[in-house]
């Protein structure tokens, strides 16, 4: 049976998470088709056709899919998905929204947020905020799966030459409509796919002090994140939150500044390749997962870090 | 307007989770249990809607063993009017939970159903969306603001890039994110009063739902432990290590 992968994109460009999800689908084996559903998505579908290992790109280009409303995407993917053995999507807020609808409409289970593929019906996923890892077998006829993108190395985004098929399926459930969105504008890389992430915690004391981290981030080409404590305290918006209840990241380098290391934060970043912790409390649990720990007052250490980096970069 | 809130009994979020030595699951024997934190937010939102005069009745439902009545009583103490306990000792997966809730929705005909976006035990983030699909309702998932506007509800959602607002026709399903509200604590008089509020008990069979699910857990393991590294003396040494040892900058 072949696999349907739902592309993650913003109508203008394909997001890297799609390449990670295709990698997860490859681990299952079989032909891989990619669905691009959105509005004015020609650039996205061209990019999807170049993904290494993709057989066919299906394009549903219509205003009803423009804001990725779960009700409409759910009906579209449930109809297309009947002909597949597996339906895979990234476990971002779009996939988390529409995929359970697909599973319910097909009357099958969903396996959420997989980290590993054991076989075509068996997957490994975190439970209890990553404090336990479950191996789950799915006996249903169609395997509906969301994928933790950072757990899979991406396939190449170039080199493929899939055929592109335009679909004439317009599913407007008529249940929901888009009102507005307020997306954070930033020149920095996207938190979920950045190679370097620097995050601040409650120790930052206020939102103004995050500017210190931004200056270091700009030197390194890094994204800026935050712990839930910093978000709850109102220092920064929730879309910066790294942790089980926020974004899961796994960059090459993760720098935790003024973050104690609550379990819920560790669940969001402990797969990073190299972890640096800067905290004045030498007993802070973050040091138990850090490759390099610096016990120091962050208000001294971060400006120093900026100065030292300027010397070597 | 009638509001239905679904709550789940889970391990208390402060308890350190331990995997059983035989890898069959997580050790829940003699462990403190509580209402799932996202469900507490769902109850709070319903109570606030009632305080604003928007909701007229709050019905709270829970699926689980006999002890799940404790969580229903907690919700009643927080301001819900009556409870429904769907009692089962089976492992109820998301799809079966959604089918049970669908049966309750058909009986109760609420205008709004509020659930937590996920439970902190299985972390699936599925039941609300599945319920919405099965009942043909719109869904406002990961809500940080809920505003009833006549026959519609505007839900501001926490999405990857920021916030997104959708408008849903009623009835609709809302799933809560962390910033929707800060749940109150139940007062002692309200805890006493909650004991007298009505609580219906039924079984999945009473609702005509087979709770068998397609998933089976083969094993549960502790996550691979990450080894603590070294402490560096100063920032200069840190930058040197990152550049020359880890080679990440």
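Protein chains in written order, with our numbering: chain A, 1 to 313; chain B, 1001 to 1249.
Ideal placement from N, C-alpha and C gives every residue a C-beta, glycine not left out.
Only a predicted model underlies this, so the values are computations on that prediction, with no experimental measurement involved.
Neighbours of residue 259 of chain A across chain B, judged by C-beta separation under 9 Å, do not exist; the nearest C-beta is about 15 Å away. Per DSSP, residue 245 of chain A lies in no beta strand (DSSP E) segment and is marked neither H nor E. Fully contained in the region 1067 to 1105 of chain B are the following alpha helix (DSSP H) runs of length 4 or more, in chain order: 1069 to 1078. Taking CB atoms only, residue 1001 of chain B has no neighbour in chain A less than 7 Å away. Contacts with chain B (Cβ-Cβ distance below 8 Å) from the region 126 to 140 of chain A involve 126, 127, 128, 129, 130, 131, 132, 133, 134, 135, 136, 137, 138, 139 and 140, listed in chain order.
Note on geometry: alpha-carbon atoms of residue 45 of chain A and residue 1117 of chain B lie some 31 Å from one another. In this structure, residue 1054 of chain B sits away from residue 1075 of chain B, with a CB-CB distance that is not shorter than 7 Å. Using a CB distance below 9 Å, the part of the region 1161 to 1180 of chain B facing chain A consists of 1161, 1162, 1163, 1164, 1165, 1166, 1167, 1168, 1169, 1172, 1177, 1178 and 1179, ordered along the chain. Relative to residue 49 of chain A, the option among A:112, A:163 and A:98 whose CA is nearest is A:163. Identification of residues in the region 172 to 191 of chain A having a C-beta nearer than 7 Å to some C-beta of chain B yields 175, 176, 177, 178, 179, 180, 181, 182, 183 and 184, given in sequence order. Residue 66 of chain A and residue 179 of chain A have their C-alpha atoms roughly 12 Å apart. Assignment of residue 1057 of chain B by DSSP, reduced to helix, strand and coil, places it in the strand class.
In terms of CA proximity to residue 16 of chain A, A:158 leads the group A:199, A:295, A:158 and A:85. Within 10 angstroms of the beta-carbon of residue 112 of chain A lie 16 or more other beta-carbons, which makes it buried.
The region 1024 to 1034 of chain B and the region 273 to 292 of chain A do not touch, with fewer than three beta-carbon pairs separated by less than 8 Å.
With respect to residue 58 of chain A, residue 33 of chain A sits close: the two C-beta atoms are nearer than 7 Å. When the alpha-carbon of residue 1072 of chain B is set against those of B:1198, B:1246 and B:1207, the nearest one is in B:1198. For the region 82 to 139 of chain A, the full-length alpha helix (DSSP H) segments reaching 4 residues or more read 93 to 106 along the chain. Close to residue 1122 of chain B, with beta-carbon spacing below 9 Å, are these residues of chain A in chain order: 112, 127, 128 and 134. Within 7 Å of the CB of residue 1219 of chain B, the CB atoms of chain A belong to 135, in sequence order along the chain. Setting aside the 5 residues that flank it on each side, residue 215 of chain A is surrounded in the same chain by 306, each with a C-beta closer than 6 Å to its C-beta; the list follows chain order. Closest by C-alpha distance to residue 200 of chain A, out of A:230, A:246 and A:223, is A:230.
Interface with chain B (7 Å Cβ-Cβ cutoff): residue 245 of chain A is included.
Contact of residue 80 of chain A with chain B by beta-carbon distance below 7 Å is absent, the smallest such distance being about 16 Å.
At a beta-carbon threshold of 8 Å, the residues of chain A lying near residue 1216 of chain B are 136, 137 and 139, ordered along the chain.
Just so you know, the alpha carbons of residue 149 of chain A and residue 28 of chain A end up roughly 15 Å apart. With a threshold of 7 Å between beta carbons, residue 150 of chain A makes no contact with chain B.
The beta-carbon distance between residue 238 of chain A and residue 1179 of chain B, rounded to whole angstroms, is 6 Å. This is short enough to meet the 8 Å contact definition. For residue 1026 of chain B, the chain A residues whose Cβ falls inside 7 Å of its Cβ are 128 and 132, in order along the chain. Taken through DSSP and simplified to helix, strand or coil, residue 49 of chain A comes out as helix.
In this structure, the CA atom of residue 1184 of chain B is about 10 Å from the CA atom of residue 1048 of chain B. When Cβ-Cβ separations below 7 Å define contact, residue 1231 of chain B makes contact with chain A.
Excluding five sequence positions before and after residue 248 of chain A, the CB atoms of its chain that fall closer than 7 Å to its own CB belong to 148, 150 and 268, given in chain order. For residue 1154 of chain B, the chain A residues whose C-beta falls within less than 9 Å of its own C-beta are 179, listed in chain order. For chain A, none of the residues of the region 1028 to 1048 of chain B brings a beta carbon within less than 8 Å of one of its beta carbons. Taken in chain order, the members of the region 61 to 89 of chain A whose beta-carbon sits within less than 8 Å of a beta-carbon on chain B are 67, 69, 70, 71 and 74.
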